[in-house]
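A short worksheet on the structure shown next.
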Amino acid sequence: MRPLSKPLPEPIEPPALASLPACELPTILEAHPGPTPPNISLPKAPTARRHSRSSSTNVFPAQLLSELRAQSESIVAGQQAAAGGLPSSSSVVISDDDDDDDDDDEPSSDTLAPPPTLATLYAGFQESIDSSTSTSSRTPTTAPYIPRRPSAEPSATAPMSLGESGSSSGGGPDEWLEMAKKCKYLPESDMKRLCELVKECLMEESNIQPVKSPVTVCGDIHGQFYDLMELFKVGGGFPPDINYVFLGDFVDRGYFSLETFTLLMCLKAKYPSHITLVRGNHESRQITQVYGFYEECQTKYGNASVWKSCCQVFDFLALAAIIDGKVLCVHGGLSPEIRTLDQIRVVARAQEIPHEGAFCDLVWSDPEDVDTWAVSPRGAGWLFGDKVASEFNHVNNLTLIARAHQLVNEGYKYHFKNAVVTVWSAPNYCYRCGNVASIMQVEEDLQPEFKIFRAVPDDQRAVPPGRAGRGEYFL
Numbered sequence: 001m002r003p004l005s006k007p008l009p010e011p012i013e014p015p016a017l018a019s020l021p022a023c024e025l026p027t028i029l030e031a032h033p034g035p036t037p038p039n040i041s042l043p044k045a046p047t048a049r050r051h052s053r054s055s056s057t058n059v060f061p062a063q064l065l066s067e068l069r070a071q072s073e074s075i076v077a078g079q080q081a082a083a084g085g086l087p088s089s090s091s092v093v094i095s096d097d098d099d100d101d102d103d104d105d106e107p108s109s110d111t112l113a114p115p116p117t118l119a120t121l122y123a124g125f126q127e128s129i130d131s132s133t134s135t136s137s138r139t140p141t142t143a144p145y146i147p148r149r150p151s152a153e154p155s156a157t158a159p160m161s162l163g164e165s166g167s168s169s170g171g172g173p174d175e176w177l178e179m180a181k182k183c184k185y186l187p188e189s190d191m192k193r194l195c196e197l198v199k200e201c202l203m204e205e206s207n208i209q210p211v212k213s214p215v216t217v218c219g220d221i222h223g224q225f226y227d228l229m230e231l232f233k234v235g236g237g238f239p240p241d242i243n244y245v246f247l248g249d250f251v252d253r254g255y256f257s258l259e260t261f262t263l264l265m266c267l268k269a270k271y272p273s274h275i276t277l278v279r280g281n282h283e284s285r286q287i288t289q290v291y292g293f294y295e296e297c298q299t300k301y302g303n304a305s306v307w308k309s310c311c312q313v314f315d316f317l318a319l320a321a322i323i324d325g326k327v328l329c330v331h332g333g334l335s336p337e338i339r340t341l342d343q344i345r346v347v348a349r350a351q352e353i354p355h356e357g358a359f360c361d362l363v364w365s366d367p368e369d370v371d372t373w374a375v376s377p378r379g380a381g382w383l384f385g386d387k388v389a390s391e392f393n394h395v396n397n398l399t400l401i402a403r404a405h406q407l408v409n410e411g412y413k414y415h416f417k418n419a420v421v422t423v424w425s426a427p428n429y430c431y432r433c434g435n436v437a438s439i440m441q442v443e444e445d446l447q448p449e450f451k452i453f454r455a456v457p458d459d460q461r462a463v464p465p466g467r468a469g470r471g472e473y474f475l
């Protein structure tokens, strides 16, 4: 009786995911598909705010890591037991009558199945997010969770939206763009190809994407396709004739979220340097399952496959843009965890929007008449005041913070002695608010000029069957 000269391999523990580049992790998951690990559920969001270092750079919570490590150990132990009835200890004692041949005493390397790899363990994580988004006290809505419907292939004769065109068109960005301008959504295979092209463009961009003037800055669109077409008309045309920055919230609430996002992605794929797409709080799996985009994709395609592809595009959208190094463009506002632009540049953005932390605050915060910081009634982000905005602009040598996120009946509104401006680009919001919209044109002198426009008349826009007169309104 003697111990093995070489111990059995220890279970492989996943490396610290914070050490992986943010843009590589989803690529790893997609390149190595595998079965969903059993009994994995998303942990609840923490109730206390964390430091920016932990909340903005760790892609996966520590609780989930410990669960997966335990499962890895369990899987390896089971494989070892099945291979030869060996216990999972690394110091196994066996009997041997021949002491001269040590190699025969040790189990062959091919006797035991290899431990599961990191890619295998996490292959189902994206699916876990898609199918069961966790809720917490920081969840920014009280609307009920909408469960996923069983997948079903769309029938060739099923009634679809204006854009139903059956199988793949076999075209490219040029053909897709012409279809999108007609308020037609692409066939499923083409839409997935488009999402992949746009993801490749977005991977080349930084968290704060530099933009040169002249440029036109646009606020929320919210699926109002015909008003988006009016925006391009008022702005002077499509890219590349005019450069644009869109401040997020492309989808939800409007009738044509799919067609709206398709058009913006087509423009991004064809003219990547002439249009910048910034992430808003509605570019999120959880929010789109409540406010319309998920249901719209299910209705038009018969399954959630395109919705999941679009959500992967959301994960790579820039967090902000900066015009000539002087005008910061962001969807929501500031964060108590961010003092400098460099702190935004190191946020791990290739993930679902967290429930708290710097990333969350950038897409959820609002300016308000408070001294410094106050709790936001939205349940996510913060209210920030004059002192906060003025100090941030001074520290980072900015002249203006341009943001969206809030309905403004007049189309735009300045805050804090012109330190911050809100731009709103969805006229007659939700087809019932009666507000005007605006776009902000920034020339080389960095002096903003605003163009106001109204909603397209009802007789010049299409309305999906059964949707006339409807529109859910939420601040």
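Numbering of the sequence shown is given in the UniProt record's numbering, commencing with residue 1 and proceeding in unit increments.
Ideal placement from N, C-alpha and C gives every residue a C-beta, glycine not left out.
Under the three-state DSSP convention, the category residue i falls into
i, result
"residue 315", "coil"
"residue 340", "coil"
"residue 31", "Legend: pLDDT at residue 31 = 36, less than 50; position of this residue unreliable, value from coordinates given subsequently. Here residue 31 sits in helix by DSSP."
"residue 425", "coil"
"residue 392", "helix"
"residue 92", "Any reading at residue 92 needs caution, since the residue's pLDDT is 36, under 50, leaving its predicted position unreliable; the model's value is listed next. Reduced to three states, the DSSP call for residue 92 is coil."
"residue 232", "helix"
"residue 221", "coil"
"residue 185", "coil"
"residue 458", "helix"
"residue 212", "coil"
"residue 245", "strand"
"residue 273", "coil"
"residue 306", "helix"
"residue 321", "strand"
"residue 463", "coil"
"residue 350", "coil"
"residue 290", "helix"
Short Cβ contact (8 Å threshold) for residue i with residue j
i, j, result
"residue 248", "residue 279", "yes"
"residue 402", "residue 423", "yes"
"residue 243", "residue 282", "no"
"residue 479", "residue 287", "This structure cannot speak to residue 479, because the chain is shown only from 1 to 475."
"residue 365", "residue 392", "no"
"residue 316", "residue 269", "no"
"residue 218", "residue 231", "yes"
"residue 331", "residue 363", "yes"
"residue 334", "residue 207", "no"
"residue 448", "residue 421", "yes"
"residue 439", "residue 234", "yes"
"residue 321", "residue 260", "no"
"residue 227", "residue 427", "yes"
Boundaries (first-last residue) of the beta strand (DSSP E) holding residue i
i, result
"residue 329", "327 to 330"
"residue 431", "Per DSSP, residue 431 belongs to no beta strand (DSSP E) and is neither H nor E."
"residue 403", "400 to 403"
"residue 450", "448 to 453"
"residue 375", "373 to 375"
Where the alpha helix (DSSP H) containing residue i begins and where it ends
i, result
"residue 197", "188 to 203"
"residue 261", "257 to 270"
"residue 181", "173 to 181"
"residue 441", "Premise fails: residue 441 lies in the beta strand (DSSP E), 437 to 442, not in any alpha helix (DSSP H)."
Buried versus exposed call for residue i [16 or more other C-beta atoms within 10 Å across all chains shown]
i, result
"residue 265", "buried"
"residue 193", "buried"
"residue 211", "buried"
"residue 347", "buried"
"residue 147", "The pLDDT assigned to residue 147 is 36, lower than 50, so where the model puts this residue is not dependable; a value taken from the coordinates is nonetheless given after this. Answer is exposed; the Cβ neighbour count stays below 16."
"residue 394", "exposed"
"residue 285", "buried"
"residue 452", "exposed"
"residue 300", "buried"
"residue 312", "buried"
"residue 460", "exposed"
"residue 236", "exposed"
"residue 369", "exposed"
"residue 434", "exposed"
Residues sharing a beta bridge with residue i, DSSP
i, result
"residue 415", "420"
"residue 366", "383"
"residue 251", "None, per the DSSP bridge assignment."
"residue 408", "None; residue 408 has no bridge partner."
Residue i beta carbon near the ligand NAP (any heavy atom closer than 7 Å)
i, result
"residue 313", "With respect to small molecules bound, the structure shown includes none, and the ligand NAP cannot be examined in it."
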